[in-house]
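Trainee: Numbering (the numbering used here), first residue to last: 965 to 1395. Cβ coordinates follow ideal geometry from the N, Cα and C atoms, glycine included. Quick caveat, the model's predicted, so the values are computed rather than measured. Quick one: the structure is below, questions incoming.
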Amino acid sequence: MVLSPWLVLLLAVPILLLGEGCVRRVACLRRFNIPAPVVGGLLVCVAVLACNVSGLGQLAFGSRVNDAWWTWLVCAEPEWAARPARPINTLFMVGFFVCVGLNATWSLVRTGGVQLIIFWFVASVFGVLQNVVGVGVSTAMGESALLGVMCGSVTLTGGHSTAQAFAEPFAQAGLQGAAVIGVAAATFGLIAGALLGGPVATRLIEKHRLRSTEAGAPGAGSVDTATAAAGAEAGLFTLLRALAGQGRRLIAPVLIVLLCVKGGAWAGYLLQKAGLIFPVSMGGMLVGVIVRNLHDAAGGRLIDSDVIDGIGAVLLSLFLVITMAGLNLVELAATALPMLVILIVQIVLMGVFALTVTFRAMGRDYDAAVMAAGHCGFALGATSNAMATMLTVVQRHGPARRAFLIVPPTGALLIDVTNGFMLTGLLTWLK
965 MVLSPWLVLL LAVPILLLGE GCVRRVACLR RFNIPAPVVG GLLVCVAVLA CNVSGLGQLA
1025 FGSRVNDAWW TWLVCAEPEW AARPARPINT LFMVGFFVCV GLNATWSLVR TGGVQLIIFW
1085 FVASVFGVLQ NVVGVGVSTA MGESALLGVM CGSVTLTGGH STAQAFAEPF AQAGLQGAAV
1145 IGVAAATFGL IAGALLGGPV ATRLIEKHRL RSTEAGAPGA GSVDTATAAA GAEAGLFTLL
1205 RALAGQGRRL IAPVLIVLLC VKGGAWAGYL LQKAGLIFPV SMGGMLVGVI VRNLHDAAGG
1265 RLIDSDVIDG IGAVLLSLFL VITMAGLNLV ELAATALPML VILIVQIVLM GVFALTVTFR
1325 AMGRDYDAAV MAAGHCGFAL GATSNAMATM LTVVQRHGPA RRAFLIVPPT GALLIDVTNG
1385 FMLTGLLTWL K
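If you want it as structure tokens, here you go:
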């Protein structure tokens, strides 16, 4: 039985609160900065999996809706007129990236410009390394090299969307069940990426005794100092109370976020028509960057970074809990042993790479530790995982705005360009 995606949306807050309760009560989850949405969503995944394998019934959550009132904000009108089905969590995802863009002031862009190129290069090198290791492990076990690539940058750095895009070419090249393998590997990576980033950041921060040097530490990712002091344990209700405390001052930021979401839909649509790979989330972020800097240049006072941080934290929590709760772990249960071996090796590789290469290349400071956590998130799963993990870290340890400027465009856009060219070349070679 396929359950309505609206049910997942309805249950999002209770699932999130369940995750927060677990994080408060389980010391290891709290110490390693495991995001509450991930914990709550995984508990639901496990419950659905238990139901499916026990014979009580086959359950799955739907993920897409085509209701015009819900999809209008995330679609340009030419697309929207055809009533396209969109993932129900798209609005929350795009809204979060808009918030990231609205906090990308010119001073931060100027500060992070060179590091953005460095981080892109580091992420691209790791994508190549994922495929080299994947092919090596796969062939060592007597399996097809195509399996190694599919369990490499296709599904890990690329995620579900890249896995789906390359499933047919890989099947034509000779990989049986490429679509199922792709979904399962991407799902495995999504979970692993969400769980790995927090421990990596915690290890680096504690080992090197790192601290945020930005004003207001430890208040990043929160709306005010009270929220910051509560940290990751504060949870959804504390954020909502802090936002509500803004009163009428909250109206303008919320409207600006919604307008930028719509503007991002048009930006993505027009750039895609021009032949560019441009996710809708990056369209929202681009519009947010433009709006924020025009606002600042005009001397505006409508956009407060702390308020935008708070809105973004709420949107990200809802997006991630809906995404995690909707995962179908049955596909992992059916995964072959060679595939699992490759993926486990990839997880170990990611942890070592982030602790050493990523951290050192990005400056060996607090921001570098947060970026290392973010790298784990998108190089194994998705940019949303990276953002969730980074947000959890900064709520506990302090601001890292440079990290939030560098990681999103790299994970959501730049690395996809590198990955696409690399995979096309690998397919040609492996044929």
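Please give the ranges of any alpha helix (DSSP H) in the segment 1248-1317, keeping only runs that are unbroken, at least 4 residues long and fully inside the region.
Mentor: Counting whole runs of 4 or more residues, the segment 1248-1317 contains the alpha helix (DSSP H) stretches 1269-1289, 1294-1297 and 1301-1317.
Trainee: In terms of alpha-carbon separation, which member of Gly1077, Val990 and Glu1107 lies closest to Leu1301?
Mentor: Glu1107
Trainee: Quick one: using the 10 Å Cβ neighbour count with 16 as the cut-off for buried, is Ser968 buried or exposed?
Mentor: exposed
Trainee: Is Val1118 near the ligand SAH, judged by its Cβ being under 7 Å from some heavy atom?
Mentor: Only the bare structure without any ligand can be found here, which leaves the ligand SAH out of the picture.
Trainee: So what does DSSP say about Gly1024, is it helix, strand or coil?
Mentor: Going by the sequence as given, residue 1024 is Ala instead of Gly. In the three-state reduction of the DSSP assignment, Ala1024 falls in the strand class.
Trainee: From Val1064 to Arg989, what does the alpha carbon distance come to, in whole angstroms?
Mentor: 30 Å
Trainee: For the segment 1310-1324 against the segment 1031-1039, do three or more pairs of beta-carbon atoms, one drawn from each stretch, fall closer than 8 Å, so that the two count as touching?
Mentor: no
Trainee: Specify the secondary structure class of Pro1051 as computed by DSSP and reduced to three states.
Mentor: Here Pro1051 sits in strand by DSSP.
Trainee: Can you give me the Cβ contacts of Val1271 inside the same chain, cut-off strictly under 8 Å, excluding the 5 residues immediately before and after it?
Mentor: Val1187, Leu1207, Gln1210, Arg1213, Leu1214 and Pro1217
Trainee: Check for me: the alpha helix (DSSP H) holding Glu1436 runs from which residue to which?
Mentor: Within the shown structure, residues of the chain are numbered from 965 to 1395, placing residue 1436 beyond reach of any answer.
Trainee: From what residue to what residue does the alpha helix (DSSP H) around Cys1115 run?
Mentor: Unbroken run through Cys1115: none, as it is neither H nor E.
Trainee: Can you give me the C-alpha to C-alpha distance between Leu1355 and Pro1373, rounded to a whole angstrom?
Mentor: One Cα belongs to Leu1355, the other to Pro1373, and the distance between them is close to 16 Å.
Trainee: Are the CB atoms of Thr1392 and Gly1162 within a distance shorter than 8 Å?
Mentor: no
Trainee: Leaving aside the five residues before and after Asn1407 along the sequence, list all residues of the same chain whose C-beta is less than 7 Å from its C-beta, in chain order.
Mentor: Because the chain is modelled from 965 through 1395, residue 1407 falls outside the range shown and cannot be assessed.
Trainee: Helix, strand or coil for Leu1139? Go by DSSP, reduced to three states.
Mentor: coil
Trainee: Let's see if you can read the secondary structure: which residues bound the alpha helix (DSSP H) around Met1351?
Mentor: Counting along the chain, the alpha helix (DSSP H) containing Met1351 begins and ends at Thr1347 to His1361.
Trainee: Output the boundary residues of the alpha helix (DSSP H) element that contains Asp1331.
Mentor: Tyr1330 to Leu1344
Trainee: Look at the alpha carbon of Gly1153 and the alpha carbon of Gly983, and state the distance between them as a whole number of angstroms.
Mentor: 20 Å
Trainee: Measure the Cβ-Cβ separation of Ala1149 and Met1114 and say whether it is below 8 Å.
Mentor: yes
Trainee: Check Gln1234 in the structure and name its three-state DSSP category.
Mentor: The question names Gln, but residue 1234 is Leu in the sequence shown. It is helical.
Trainee: Quick check: what's the CA-CA separation for Asn1095 versus Gly1112?
Mentor: 7 Å
Trainee: Have a look at Trp970, Leu974, Leu980 and Met965 and flag the residue whose alpha-carbon is nearest the alpha-carbon of Val1285.
Mentor: Leu980
Trainee: Based on Cα-Cα distance, which residue from Val1029, Gly1005 and Ala1014 lies nearest to Trp970?
Mentor: Val1029
Trainee: Have a look at Arg1265, Ala1087 and Leu1235 and flag the residue whose alpha-carbon is nearest the alpha-carbon of Phe1342.
Mentor: Ala1087
Trainee: Measure from the alpha carbon of Ser1176 to the alpha carbon of each residue in Phe1283, Val1017, Gly1389 and Val1357, then state which is nearest.
Mentor: Val1357
Trainee: Are the beta-carbon atoms of Asn1067 and Arg1256 separated by less than 8 Å?
Mentor: In this structure, Asn1067 places its C-beta atom within 8 Å of the C-beta atom of Arg1256.
Trainee: Thinking just about the alpha-carbon of each residue, which of Leu1394, Gly1248, Leu1093 and Leu1304 is nearest to the one in Phe1060?
Mentor: Gly1248
Trainee: Look at the Cβ atom of Trp1340, then the Cβ atom of Val1099, and state whether they are nearer than 8 Å.
Mentor: Per the sequence shown, the amino acid found at residue 1340 is Cys instead of Trp. It is not a contact, given that the beta carbons lie outside the stated cut-off.
Trainee: May I ask you to list the residues that DSSP assigns as paired with Val966?
Mentor: Ala1024
Trainee: Tell me whether Asp1188 sits in a helix, a strand or coil according to DSSP, three-state version.
Mentor: Legend: pLDDT at Asp1188 = 36, less than 50; position of this residue unreliable, value from coordinates given subsequently. If DSSP states are grouped into helix, strand and coil, Asp1188 belongs with coil.
Trainee: Consult DSSP for Val1221 and reduce its assignment to one of helix, strand or coil.
Mentor: helix
Trainee: Along the chain, where does the alpha helix (DSSP H) containing Met1105 start, and where does it finish?
Mentor: For Met1105, there is no enclosing alpha helix (DSSP H), as DSSP marks it with neither H nor E.
Trainee: Given Tyr1330, which residues of its chain have a CB within under 8 Å of its CB, disregarding the five upstream and five downstream residues?
Mentor: Ile1169, Leu1174, Arg1175, Ser1176, Thr1177, His1361, Gly1362 and Ala1364
Trainee: In its own chain, which residues sit with a C-beta less than 6 Å from the C-beta of Phe1083, not counting the 5 before and 5 after it?
Mentor: Within the same chain, and ignoring the five residues on either side of Phe1083 in sequence, the residues whose Cβ sits closer than 6 Å to its Cβ are Ile1370 and Thr1374.
Trainee: Return helix, strand or coil for Val1029, following the three-state DSSP convention.
Mentor: DSSP places Val1029 in strand when its eight states are reduced to three.
Trainee: What is the DSSP secondary structure of Ile998, reduced to helix, strand or coil?
Mentor: coil
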